[in-house]
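Asker: Per the working numbering, the sequence shown starts with residue 11, numbered consecutively. Just so it is clear, CB atoms sit at the ideal spot from N, CA and C, and this is done for glycine as well. Quick one: the structure is below, and I'll ask about it shortly.
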Amino acid sequence: MASSQDNPKGKAGKKVRVAMRRNRGKPGRISDWTRRTRESDGYDLENSRSEQVTGKGDVSRRRTVTLKDSDESAEAGLTRGTVIAMRGLYAEVDDGQCIRLCTVRRMLRTRLIKERHPVTVGDHVQFKAESDHQKTGSEEGAIESVDPRRGQLVRRVGRRIQTIVANVDQAIIVSSADEPPPRPNLIDRYGVAALAGGITPVICMNKIDLDRAGQARRLLDRYAELGWAVVRTSVPSGEGIDELRGILRGRASVIAGQSGVGKSSLLNSVQPGLDLRIGETIKETGKGRHTTTTASLIRLEVGGYVVDTPGVRSFDMAVVPRHELEAHFVEFLPHIPHCKFPDCSHTHEAGCAVKRALEEGRIHPQRYESYVRLYEERPDDRG
Ligand code: GDP
Ligand code: ZN
């Protein structure tokens, strides 16, 4: 990574560059993360890592990015950071070195977002640090601007859609080979919710040590064939833990999966002592506990964050309309144009090319079943 000493003179905008460097101080891990996630839509870990380490390329790249998106703000002494929690009218912003309690008041002047909450957990922001408070442990500042959001975790509250966390890169959908056995339907449900929210799904098949008949492996292979990212893990044997850590590194991830599959154990293997409230929905009281809307980001030692959300129910299907479901079943796509009716739902219509593909064995029955289930539980939204 480029050190802050190699501060080449010449070329345009050197003042800006120096200012940014000073603000960022040591290796701006969060800035790197922000930049990386913005630049790579795909799932190319290797590439994003090599971007980070190439000496010269990195310097010029960083300079470009810096100038492009915060030319004037750099001169105004703004720092980049990520909102990791909301505390009433304040946001906790992590700039890679420390966490500051920032007011959002000033930000409202400079930017309008059509949302009830102009700033939310996960937002990438620029803030002005208040140097008066530097003696205290928690320094303060004022958020001046918020980057456009991508990959949100939303939920429906009455008629309103609420963003729980912004800029989530990926959903780690944890399943287990056994105890409990995998539930393909649940994998699809989380997967579709993630895809619909602009979040990359990653299936983590845990307890692979219990996969004696190889069933879980075959299930995982099926998803890999569909182009999903997958990883096999075992907490007792340590298999796949490094790989999982690599997947989490430098990204913001939400962890989903039913109770008992090993989510806490996995996260503890990745980073001992990580204490998450991943929380399950139904287990406690018969009807399921009331989920709060607060989420926070927990920073990983390897870089990146895990979303600490007190209920996976918040990560639900609430906002995926019926007619959009098919778009998230990637293997349906080549067949859909051949359905007899242009508005075919692929559930009961004659001349449905998706059903034909199912009969011909080109679509897996489990996937089709997931689709129909999800379709039928959606309200009819075509009006
Ligand atoms: P969570 O509810 O998803 O957070 O699951 P936990 O992390 O609490 O794990 C549930 C149980 O599965 C615990 O008894 C763990 O010891 C066990 N477990 C977790 N990972 C593995 C694994 O890879 N293999 C086996 N055999 N057991 C595991
Ligand atoms: Zn059809």
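Quick check: does the Cβ of P347 come within less than 8 Å of any heavy atom belonging to ligand 1?
Answerer: no
Asker: Report the rounded CA-to-CA distance for S50 versus I213, giving the unit in angstroms.
Answerer: For S50, the predicted model reports a pLDDT of 32, less than 50, meaning its position is unreliable; a value from the coordinates is still stated below. Between S50 and I213, the C-alpha separation is close to 20 Å.
Asker: Kindly give me the distance between the Cβ atoms of A139 and T92, rounded to whole angstroms, as I take these residues to be in contact under 8 Å.
Answerer: In fact, because the Cβ distance is near 15 Å, the residues do not count as touching under 8 Å.
Asker: Can you list, in chain order, the residues of its chain with a C-beta nearer than 7 Å to that of D353? Leave out the 5 residues immediately preceding and following it.
Answerer: none
Asker: Would you mind reading off the limits of the alpha helix (DSSP H) that contains L111?
Answerer: No alpha helix (DSSP H) holds L111; the beta strand (DSSP E) holding it covers I109 to T113.
Asker: Quick one: residues in its chain with C-beta nearer than 8 Å to the C-beta of P211, no 5 flanking neighbours on either side, listed in chain order?
Answerer: Q180, A181, I183, Y200, G201, A204, L205, W238 and A239
Asker: Ligand 1 and D219: does any heavy atom of the ligand fall closer than 8 Å to the residue's C-beta?
Answerer: yes
Asker: Have a look at Y385, F351 and F339 and flag the residue whose alpha-carbon is nearest the alpha-carbon of I373.
Answerer: F339
Asker: Would you mind sorting V167 into buried or exposed? The rule is 16 or more other CB atoms within 10 Å of its CB.
Answerer: exposed
Asker: Please report the residue range of the beta strand (DSSP E) in which L205 lies.
Answerer: Segment P194 to A206 is the alpha helix (DSSP H) holding L205; no beta strand (DSSP E) there.
Asker: Could you check if V63 is buried or exposed, using at least 16 other CB atoms within 10 Å of its CB as the buried criterion?
Answerer: Note that V63 scores 27 on pLDDT, short of 50, meaning its location in the model is unreliable and no value can be drawn from it.
Asker: Check whether the Cβ atoms of G106 and N177 lie closer than 9 Å to each other.
Answerer: Going by C-beta atoms, G106 is not nearer than 9 Å to N177.
Asker: Out of I94, L163, E249 and Y315, state which residue places its alpha-carbon closest to the alpha-carbon of L258.
Answerer: It is Y315.
Asker: In terms of alpha-carbon separation, which member of E359, S186, I174 and S306 lies closest to K350?
Answerer: E359
Asker: Is the closest heavy atom of ligand 1 to the C-beta of G267 under 8 Å?
Answerer: yes
Asker: Rounded to a whole number of angstroms, what is the C-alpha to C-alpha distance between I346 and S355?
Answerer: 10 Å
Asker: Tell me the DSSP secondary structure of V346 in three-state form.
Answerer: It should be pointed out that residue 346 corresponds to Ile in this sequence rather than to Val. I346 falls in the helix class under three-state DSSP.
Asker: Per DSSP, which residues does Y100 bridge with? Please list them.
Answerer: R97 and T113
Asker: State the beta-bridge partners of E140 as determined by DSSP.
Answerer: E150
Asker: Which same chain residues end up closer than 8 Å to D188 when comparing Cβ atoms and leaving out the 5 residues on each side of it in sequence?
Answerer: K217, L220, D221 and A226
Asker: Report back the beta-carbon spacing between G151 and V103 to the nearest angstrom; my notes put them in contact at under 8 Å.
Answerer: Right, their Cβ atoms sit about 7 Å apart.
Asker: Kindly indicate which three-state DSSP category G91 falls into: helix, strand or coil?
Answerer: strand
Asker: Is K365 near ligand 1, judged by its Cβ being under 8 Å from some heavy atom?
Answerer: no
Asker: Starting from the C-beta of K365, find all residues in its chain whose C-beta is less than 6 Å away, skip the five residues before and the five after it, and write them out in chain order.
Answerer: none
Asker: Using only the heavy atoms of ligand 2, determine whether one of them is closer than 8 Å to the beta carbon of E387.
Answerer: no
Asker: Smallest Cα separation from S186: which of G272, V129, L254 and Q162?
Answerer: G272
Asker: Over the uninterrupted alpha helix (DSSP H) stretch that includes V382, give me the two end residues.
Answerer: P375 to E387
Asker: What does the alpha-carbon distance come out to for the pair K293 and S275?
Answerer: Only weak support is given to the placement of K293: the predicted model assigns it a pLDDT of 38, under 50, and the question is left unresolved by the model.
Asker: With DSSP collapsed to three states, give me the class of A266.
Answerer: strand
Asker: Would DSSP call R242 helix, strand or coil?
Answerer: strand
Asker: Please list the terminal residues of the continuous beta strand (DSSP E) segment that includes I218.
Answerer: Per DSSP, I218 belongs to no beta strand (DSSP E) and is neither H nor E.
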